[in-house]
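Q: Before I ask anything, let me first share the structure, which is written out below as structure tokens.
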Amino acid sequence: MPVMQTGPAAKATWNSPDSLLAAALGLFAFAAVFSVTLVELALFLALAVLLYKNYRERSLGALLPAVAGHPLALPWLIYLAACLLTALTAYYPAKGFGQLNSDFLKFLCLFTLLAAVRKEHLPRLGAIYVLGALLFVFSGLTEVAKAALEGWEKLPRANAFMNAIRFGEIMTVAFIYIVCRVLLPAAENFRREGLFYKLAAPAVFAGIILSQARGAFLALLAALLTMFVFAAGTRKKLLALAGLMLAAGVAASIFVPAVRQRLAAIVNVDRTEDTTYSSPSTAINIRFELWNLGLTMFRAHPVLGVGPDNVKKVFTKFHPEPIAYEKTWGSLHNLYIHQAAERGVVGLGALLLLFGSLFAFAVKRFRAAPGAHTLWALCVLPAFFVMNFTEISFQHVHTSFAIFLALAFAAAAEKETA
């Protein structure tokens with residue numbers, strides 16, 4: 002059932018609060034895959050319209066109690082309190098307090114979406130979200146196709162003008178939604194909606210493969226395993242789809258040398274010497290060294306850490322020598338180690354409590370209203386947790402905001418029937 006909705010529904014006209022809110026949410030869903038600026042603009046527009054709508058309906062005072070009573074509120078407040086405490090004790094408090102903006106923005110994003118997204122929004126928002134993903138992935142695939150004309154040996158990673166790892170993560174989140182819509186079809190919102198998702202799947206999956214983002218590959222596997230465990234009715238279709246995906250992955254590893262080399266580097270990595278910029282093993286070797294550094298920081302400050310956003314500032318204190326081609330690094334490329342180094346057991350514990358609460362909420366919503374929209378949240382969260390083993394994806398707006406959109410979909414969904 003929808004959550005945190007107050008006041009009577011207003012009649013929707015082109016300039017009514019309901020229509021403006023739907024437009025803001027549509028912009029959010031469309032831009033979530035490619036533009037930080039647009040997605041933040043859409044978020045604040047949705048918040049403004051939501052506040053105005055409740056003010057006009059004289060239910061503004063009910064919003065705060067609704068937020069406070071939500072099952073995710075307490076874990077979030079504990080996490081924000083940990084962020085504040087560790088900022089106060091940071092090596093460089095100004096940097097620590099600066100990170101609070103990002104932490105609070107994520108809180109604001111999730112609870113705005115929970116309050117704003119309603120069940121009638123879901124089919125349209127889902128299609129808009131996938132349309133944005135398709136336009137974005139075609140940009141990345143076009144880059145690769147142009148390079149392929151000159152030869153396959155040094156094919157660039159699909160990235161669509163952003164970091165290839167981030168691109169792979171974003172496409173993985175979108176692909177999980179598409180898979181949910183294909184395996185659990187609902188009543189169509191527009192003609193041939195089911196065909197739209199089936200045609201979108203190969204393009205977005207190609208974007209994941211050609212991003213060569215190994216973390217995204219593992220994240221997708223985690224999502225599919227979660228789907229297999231929780232959505233028993235989809236298992237036959239899921240196994241058939243997994244077979245097609247595996248065949249496509251094998252074909253890519255055979256015919257695209259760059260993909261094959263990156264996969265081979267996982268098991269054939271030289272952990273001590275290979276840190277050249279272009280080597281497939283470089284990212285793995287750098288991560289091992291950064292993880293060791295993070296654990297060193299954690300051992301030195303186990304309770305409260307060195308402070309949010311302080312890793313780069315204190316880097317040379319703990320590691321005077323450069324790592325590979327950089328003298329200092331601002332990310333330890335593992336959220337859990339990064340949080341432990343920055344915020345100690347206090348911050349890491351608060352983060353794990355928050356992540357566990359998000360997953361418990363998704364499980365509860367899927368069991369209450371099994372369907373594509375609740376399945377997306379349930380399956381995308383384990384994928385997200387896996388992504389954070391090799392990146393700090395929780396601190397990336399593109400990825401975390403899409404995760405929050407999935408949770409809002411789950412909160413608004415009711416039991417779906419085809």
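In case it helps, the numbering used here puts the sequence shown at residues 2 to 419. Think of the CB as a built atom: it goes at the ideal place given N, C-alpha and C, for glycine as much as any other residue. Predicted model, so just to flag it, every value in this text is computed and none were measured.
1. Within the continuous alpha helix (DSSP H) that includes Y198, where are the two ends?
2. Straight-line CA distance for W77 to L101?
3. Just tell me which of A220, A414, H374, L406 has its CA closest to the CA of L26.
4. Which runs of the alpha helix (DSSP H) fall wholly inside the region 109-175 and span at least 4 residues, in chain order?
5. Answer with buried or exposed for A159, where buried requires no fewer than 16 other C-beta atoms within 10 angstroms of its C-beta.
6. If the criterion is Cβ atoms closer than 7 Å, does the pair F402 and A341 meet it?
7. Count the other C-beta atoms from every protein chain shown that fall within 10 angstroms of the C-beta of T297, then say buried if there are 16 or more, exposed otherwise.
8. In this structure, how does DSSP classify I393 when only helix, strand and coil are distinguished?
9. Using only the alpha-carbon positions, how far apart do V180 and G234 sit?
10. How many angstroms separate the CA atom of L408 from the CA atom of P321?
11. Please classify I255: is it buried, with 16 or more other beta-carbons within 10 angstroms of its beta-carbon, or exposed?
12. One question on the structure: do A411 and A223 come within less than 7 Å of each other, judged by their Cβ atoms?
13. Please state whether DSSP places D19 in a helix, a strand or coil.
14. Rounded to the nearest angstrom, how far is the Cβ of E170 from that of S332, given a contact under 8 Å?
15. Taking C-alpha atoms, which residue in T317, A134, L150, P309 lies nearest to F176?
16. For H397, collect the residues of the same chain with a Cβ closer than 8 Å to its Cβ; drop the 5 residues on either side in sequence, then sort them by chain order.
17. Select from G350, V346, I285, A188 the residue whose C-alpha is nearest the C-alpha of I324.
18. Buried or exposed: P9, going by 16 or more other Cβ atoms within 10 Å of its Cβ?
19. Between the region 137-147 and the region 80-97, can you find at least three pairs of beta-carbon atoms closer than 8 Å?
20. How many angstroms separate the CA atom of L85 from the CA atom of A67?
21. Going by Cα to Cα distance, which pick from Y53, I209, V131, R215 is closest to F262?
22. Is E327 helix, strand or coil when you go by DSSP?
23. Under a Cβ-count criterion, where at least 16 other Cβ atoms within 10 Å of its own Cβ denotes burial, should K155 be classed as buried or exposed?
24. Beta-carbon within less than 8 Å of L354's beta-carbon, same chain only, minus the 5 sequence neighbours each way: which residues are those?
25. Using the C-alpha atoms, what's the distance from L379 back to L242?
26. Would you call the CB atoms of F218 and F137 closer than 7 Å?
A: According to the structure data:
1. 194-212
2. 13 Å
3. L406
4. 123-149
5. buried
6. no
7. exposed
8. coil
9. 14 Å
10. 42 Å
11. exposed
12. no
13. helix
14. Not quite, the Cβ-Cβ distance comes to about 14 Å (not below 8 Å), so this is no contact.
15. A134
16. R167, E170
17. I285
18. Residue confidence is low: P9 scores 39 on pLDDT, short of 50, so the model does not pin down where it sits. Its coordinate-derived value is still stated next. Classification of P9: exposed, given that the 10 Å Cβ count is below 16.
19. no
20. 24 Å
21. Inspection of the sequence shows that residue 262 is occupied by Gln rather than by Phe. Selected option, being the one with the closest Cα: R215.
22. strand
23. exposed
24. P76, I79, Y80
25. 19 Å
26. no
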